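Residue numbering for the sequence shown follows our numbering, starting at 1 and increasing by one per position. Written out below as C-alpha cells is the structure these notes cover.
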Amino acid sequence: MRLTFYGVRGSIPTPGAAYVRYGGNTACVHIELEDGTDIILDSGTGIRLLGDRLIKKTTPIHLLLSHNHWDHIQGFPFFAPIYQESREINIYPGLTQLNEPDQILKQMEGSLFPVPKNALKSSISLIEYPATENTFTIGSATITRLAMNHPGSGSAYCIEADGAKVAYITDNELYPPYKKETDFLDFAKFANGADLLIHDAQYMLTDMPAKNGWGHSVAEEAVKLAMASHVKQLALYSHDPERTDDAIDDVVKHCNEYVTVAASTLHVFASSEGQTLDFNKI
Numbered sequence: 001m002r003l004t005f006y007g008v009r010g011s012i013p014t015p016g017a018a019y020v021r022y023g024g025n026t027a028c029v030h031i032e033l034e035d036g037t038d039i040i041l042d043s044g045t046g047i048r049l050l051g052d053r054l055i056k057k058t059t060p061i062h063l064l065l066s067h068n069h070w071d072h073i074q075g076f077p078f079f080a081p082i083y084q085e086s087r088e089i090n091i092y093p094g095l096t097q098l099n100e101p102d103q104i105l106k107q108m109e110g111s112l113f114p115v116p117k118n119a120l121k122s123s124i125s126l127i128e129y130p131a132t133e134n135t136f137t138i139g140s141a142t143i144t145r146l147a148m149n150h151p152g153s154g155s156a157y158c159i160e161a162d163g164a165k166v167a168y169i170t171d172n173e174l175y176p177p178y179k180k181e182t183d184f185l186d187f188a189k190f191a192n193g194a195d196l197l198i199h200d201a202q203y204m205l206t207d208m209p210a211k212n213g214w215g216h217s218v219a220e221e222a223v224k225l226a227m228a229s230h231v232k233q234l235a236l237y238s239h240d241p242e243r244t245d246d247a248i249d250d251v252v253k254h255c256n257e258y259v260t261v262a263a264s265t266l267h268v269f270a271s272s273e274g275q276t277l278d279f280n281k282i
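Have a look at this one:
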C-alpha cells in the first residue's frame with residue numbers, strides 16, 4: 001500500500017508564499033494498493049493534480065467521500081479522468097444526515113459549471129450502502145466506515161489491505177456541543193492499531209471557545225485519540241486556512257510535547273502535499 005497526500009487544507013484553498021511547504025489545496029488523499037487498485041479519499045482541489053497521474057491508467061477509480069461540504073468535492077469538475085472515454089469511476093457517498101449522494105455531480109449543473117454532468121465521457125456510478133452496512137470491499141481492501149461528528153455528519157473510513165491499516169477521520173469534532181454521532185472511545189476502537197491515523201487538527205485549544213461547534217477538532221485532542229488508539233503515526237490534517245507553514249510547525253512541536261510527556265512512541269507530523277508513505281517500509 002502506498003499513500004500520497006494531494007490536498008491537506010481545510011475549508012478553502014489557500015495560495016500564497018506562506019503556505020508553500022504544506023500546501024493550500026483542499027482535502028484529497030490517494031491510496032494505491034499492491035494489486036494496483038486506486039482509492040481516493042475526498043475530492044477537494046488536490047484531486048486535480050492526482051488526475052494528471054491517473055489519466056495515464058485505464059483501471060477503475062474508487063472515490064470515497066467523507067461528506068459533501070464544498071472543500072471536499074470542489075475539485076471533482078477538474079479531475080481529468082471524468083472526461084476519459086468509458087473510464088470507470090465509482091463514487092461512495094458519505095453517511096450524511098440529508099442523504100444527498102449526488103451533490104458532487106449536481107455542482108456541475110446549470111450556471112454553476114460550464115460542463116454539465118451529462119456531457120462527461122466516463123462511466124460514473126454512485127455506490128450506496130445502507131447505514132446498517134458499514135463494511136465492504138474494494139479490490140483487495142476491506143473498507144470500514146463510521147459516522148463522524150460534523151454539521152450534517154459524514155463518514156470516517158478505515159482501509160485495510162496489504163498488511164496495513166489507515167484510518168481517515170477528517171472534519172470531525174471529538175467533543176462537540178451538539179449531539180455526538182460517535183463517542184471518543186468508539187473512534188479509538190475504530191482506529192485501533194492503525195499504521196497511520198489521518199485526523200482533523202484544524203484548531204488549537206487557543207482557538208476555543210470561539211470555534212466550538214464548528215465541526216473540527218483541536219490538535220491536542222487528535223494526539224490523545226492517536227495514543228488511545230495505539231496507532232503508529234498521526235498525520236495532522238485539515239490545516240486551518242489562517243495557519244501558515246511556520247504556524248503549522250509550531251502545532252507539530254506543541255503536539256510532540258504531549259507525546260513526550262506521555263512517554264509514547266507515537267510519531268506526529270503535519271500532512272503536506274506530495275508527501276508519500278510506503279507502508280512496506282514502515
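No residue lacks a Cβ here, since even glycine has one placed at the ideal position from N, Cα and C. In this text, all values refer to a predicted model and were calculated from it rather than measured experimentally.
Requested in this report: Apply the 10 Å Cβ neighbour rule to D171 and answer buried if 16 or more other Cβ atoms are within range, or exposed otherwise.
Outcome: buried
Query - Distance between T260 and C28 (C-alpha atoms, nearest Å) - result: 30 Å
Query - E257 in three-state terms, based on DSSP - result: helix
Report task. Compute the Euclidean distance between the alpha carbons of N212 and G10, then round it to the nearest angstrom. Result -> 16 Å
Query raised in the report: At which residue ranges does the region 203-277 contain complete alpha helix (DSSP H) runs of 4 or more residues, listed in the order of the chain?
Result: 219-229, 245-261
Query raised in the report: So, using beta-carbon positions, are E88 and P60 closer together than 7 Å?
Result: yes
Requested in this report: Taking only the alpha-carbon atoms, compute the straight-line gap between A164 and T276 and give it to the nearest angstrom.
Outcome: 15 Å
Query - Which of helix, strand or coil DSSP assigns to I47 - result: helix
Report task. Could you have a look at D195 and say whether DSSP puts it in helix, strand or coil? Result -> coil
Query raised in the report: How many angstroms separate the CA atom of Y6 from the CA atom of Y19?
Result: 14 Å
Query raised in the report: Looking only at its own chain, which residues have a Cβ that is under 6 Å from the Cβ of L174, when we skip the five neighbours before and after it?
Result: F184, S217, E221
Query raised in the report: Using a Cβ-Cβ cut-off of 7 Å (strictly less than) and excluding sequence neighbours within five positions of F136, which residues of its own chain qualify?
Result: Y129, I143
Report task. Inspect the beta-carbon positions of A308 and A147 and report whether they are closer than 7 Å. Result -> Any question about residue 308 goes unanswered here, given that the chain covers just 1 to 282.
Report task. Work out the CA separation of S122 and Y83 for me, nearest whole Å. Result -> 6 Å
Query raised in the report: Less than 7 Å separating the beta-carbons of L236 and A201?
Result: yes
Query raised in the report: Which ranges does the beta strand (DSSP E) cover as unbroken runs of at least 3 residues, wholly within the region 110-151, from first to last along the chain?
Result: 123-126, 135-138, 141-147
**Report entry** Other residues of its chain near K180: CB distance less than 6 Å, five sequence neighbours each side excluded
**Finding:** N149
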